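Mapping of the sequence shown onto full-length UniProt numbering: residues 1 to 395, in sequence order.
By construction, the Cβ of each residue, glycine as well, lies at the ideal position given by its N, Cα and C atoms.
All values derive from a computational prediction rather than experimental measurement.
All remarks here apply to the structure that follows.
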Amino acid sequence: MNTADFKTKSLIKDWKMPKINGNNQFLNRVIVGIDGGYSSVKAITNSKIALFPSYAKKIDKKSFNIVAQLDDTTIIMTDNIKNETWVVGEMAETLIDDIDVSNTTDASLYSRYHLQNPIYIATMTAGLAICLMDMDLTNTQVYVQTGLPCEYLDDADELKEVLTGHYDVTIKIGNNEEKRVIFDLKKDAINVMEQPKGTMISAVYDNHGQPLADRIGILRQNTLIVDIGFGTEDLFSIKSSVNNKQNTYSDTAMKSVFENTIKDINDEKHTNFKIFEFQKYLEDGVIPIFIRGKGNIKPHIEPYDFTELLNKNNKELCEKSINRILYEYDNLIKYNYLIVTGGTGESRFDMIEDALSGLTVTVIKGNENAPDLPFVFSNVRGYYMSAYLRLLNQG
């Protein structure tokens with residue numbers, strides 16, 4: 001794979017999902033399925049999807065001079081309540097400087113305990129605002145369905161507290177005009193589920209909220225969801241419609257691939273940089289190494305191609321993941337389906353499918369019912385569908 005395939009992408013576009021209109025009993029109800037992953041924020045409503053890197057940089061809006069045309073990956077958000085302006089996503093990554101490097105730790109961004117981090121809050125606020133910015137929110141209740149890694153579900157109340165409140169946000173995407181988004185998010189309008197459960201629901205329901213006849217067996221038979229993201233790998237097992245086993249691992253996700261690759265580079269080239277800096281090098285797969293001058297050799301920059309290292313480390317951890325799945329789940333002998341999801345899962349799907357090709361289990365892509373969407377949207381599509389079906393049943 002090219003290193004650019006490992007880079008967190010940006011995508012904001014129109015998308016259709018079923019919606020619930022108000023009536024005499026209920027206000028209009030808008031659903032946002034959102035996932036604040038360690039690598040990217042994914043969000044979906046009945047009319048829009050959004051994806052961007054989980055990084056933000058606070059700026060002084062008055063002194064932030066834009067001197068060129070902006071592309072559609074540029075997100076500038078002002079929190080009018082806190083009087084803070086943030087650059088969010090890809091542009092924020094390009095603006096990382098020495099102060100950011102010294103003041104930011106990988107642990108503050110990529111650990112379980114990042115929910116109170118201002119960067120996390122800014123990126124989640126941006127995700128909500130982007131999805132709602134074209135809607136008339138008058139007399140509208142906003143509902144949020146989100147998720148956490150299986151073994152981190154105890155953090156659900158903290159996540160709800162972080163998201164609950166009054167929002168007054170101005171958002172600018174690329175060269176488009178600024179839009180102001182004002183709404184309230186109540187704590188009882190926020191629901192948190194196990195992340196892989198989103199993919200399970202997504203794999204069963206179409207874009208109209210109807211179950212697919214040839215996929216309903218996923219819920220009724222024995223299914224293993226393998227959700228490999230940036231920070232964690234979640235395994236979510238269903239047997240005869242009952243969740244019977246779930247595990248969360250942090251040693252086989254993409255963060256570990258990056259850590260191993262950075263260590264290999266550091267050992268060879270004596271560099272020293274952090275994971276959140278690594279994203280900006282993935283586009284080309286080359287890191288500029290400064291070589292000090294000595295004698296007749298002038299100081300210069302030496303490009304270092306890390307493509308082979310990255311692919312090697314990804315393959316090794318993929319093999320570790322497969323071996324653990326076979327060990328933990330009785331060689332998948334009793335399983336009918338295995339669904340691979342998550343951004344890292346997408347990069348490993350072919351390897352996993354090939355490794356399990358001799359077994360009777362059917363290996364399914366997480367985006368099977370929405371092939372136009374990347375794997376990373378599988379969970380949030382299921383989040384949305386879960387909230388839609390729940391609210392629909394309420395009337």
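When you compare only the Cα positions, how much space is there between Asp264 and Val363?
In this structure, the CA atom of Asp264 is about 33 angstroms from the CA atom of Val363.
Considering only residues of the same chain and omitting the five flanking positions on each side of Thr94, which have a CB-CB separation below 7 angstroms?
In the same chain as Thr94, and ignoring 5 residues on each side of it, the C-beta atoms closer than 7 angstroms to its own belong to Lys280, in chain order.
Note the first and the last residue of the continuous alpha helix (DSSP H) segment covering Asn296.
Going by DSSP, Asn296 is part of no alpha helix (DSSP H) at all; its letter is neither H nor E.
Which residue comes first and which comes last in the beta strand (DSSP E) that contains Ser202?
For Ser202, there is no enclosing beta strand (DSSP E); the residue is found in the alpha helix (DSSP H) stretching over 195-202.
Helix, strand or coil for Tyr55, going by three-state DSSP, please let me know.
Residue state, collapsed to three classes: coil.
Any non-hydrogen atom of the ligand HEM within 7 angstroms of Arg381 CB
The ligand HEM is not part of the structure shown, which contains no ligands of any sort.
Stretch-stretch touch, CB-based, cutoff 8 angstroms, three pairs: the region 202-219 with the region 178-189:
With the cut-off at 8 angstroms, the region 202-219 and the region 178-189 do not touch.
If Gly198 and Gly382 are in contact, beta carbons under 8 angstroms, what's the gap, nearest whole angstrom?
With 8 angstroms as the limit, Gly198 and Gly382 qualify as a contact, their Cβ atoms being about 3 angstroms apart.
Sorted by chain position, which residues of the same chain lie with C-beta nearer than 6 angstroms to Phe64's C-beta, five sequence neighbours on each side aside?
Around Phe64: no qualifying Cβ.
What runs of the alpha helix (DSSP H), each 4 residues or longer, lie entirely inside the region 121-146?
DSSP runs (the alpha helix (DSSP H)) wholly in the region 121-146: none.
I need the boundaries of the beta strand (DSSP E) containing Asp184, first residue and last residue.
Element bounds for Asp184: 179-185.
Is the distance from the Cβ of Ile130 to the Cβ of Ile12 below 8 angstroms?
Contact: yes.
Taking the alpha helix (DSSP H) that Ser321 falls in, what are its first and last residues?
Run containing Ser321: 307-328, per the alpha helix (DSSP H) assignment.
Rounded to the nearest angstrom, what separates Gln145 and Gly345 at their Cα positions?
In this structure, the CA atom of Gln145 is about 22 angstroms from the CA atom of Gly345.
Host alpha helix (DSSP H) of Val380 (start-end)
Per DSSP, Val380 belongs to the alpha helix (DSSP H) from 378-394.
Taking one C-beta from the region 155-166 and one from the region 110-128 each time, how about it: are there three or more such pairs within less than 8 angstroms?
Taking a cut-off of 8 angstroms on C-beta distances, the region 155-166 touches the region 110-128, as three or more cross pairs fall below it.
Taking the beta carbon of Ser256 as the centre, do at least 16 other beta carbons fall within 10 Å, making it buried, or is it exposed?
Taking all protein chains in view, the Cβ of Ser256 is crowded by 16 or more other Cβ atoms within 10 Å, so the residue is classified as buried.
Report yes or no: is there a C-beta of chain D within less than 8 angstroms of the C-beta of Asp184?
The structure shown contains no chain D; it is built from a single protein chain.
Using 8 angstroms as the Cβ pair cut-off and three pairs as the minimum, do the region 162-172 and the region 330-339 touch?
No, the region 162-172 is not in contact with the region 330-339.
Going by DSSP, name the residue or residues bridged to Trp86.
Lys58, Met77, per the DSSP bridge assignment.
Cα-Cα separation between Ser10 and Val87, rounded to whole angstroms
Rounded to whole angstroms, the separation of the alpha carbons of Val87 and Ser10 is 14 angstroms.
Per DSSP, which residues does Lys43 bridge with? Please list them.
The question names Lys, but residue 43 in the sequence shown is Ala. Note: Ala43 sits in a beta bridge opposite Ile34, Ala50.
CA-to-CA distance, Asn367 to Ile228, given in whole angstroms:
Rounded to the nearest angstrom, the two C-alpha atoms are 14 angstroms apart.
Taking the alpha carbon of Leu224 as the reference point, which residue from Thr232, Ile238, Thr74, Phe276 has its own alpha carbon closest?
The shortest C-alpha separation from Leu224 is found at Ile238.
Would you kindly report the start and end of the unbroken alpha helix (DSSP H) that includes Glu368?
Counting along the chain, Glu368 falls outside any alpha helix (DSSP H), and DSSP gives it neither H nor E.
List the residues that DSSP assigns as beta-bridge partners of Ile225.
Residue pairing by DSSP places Ile225 opposite Phe236, Ile339 in a beta bridge.
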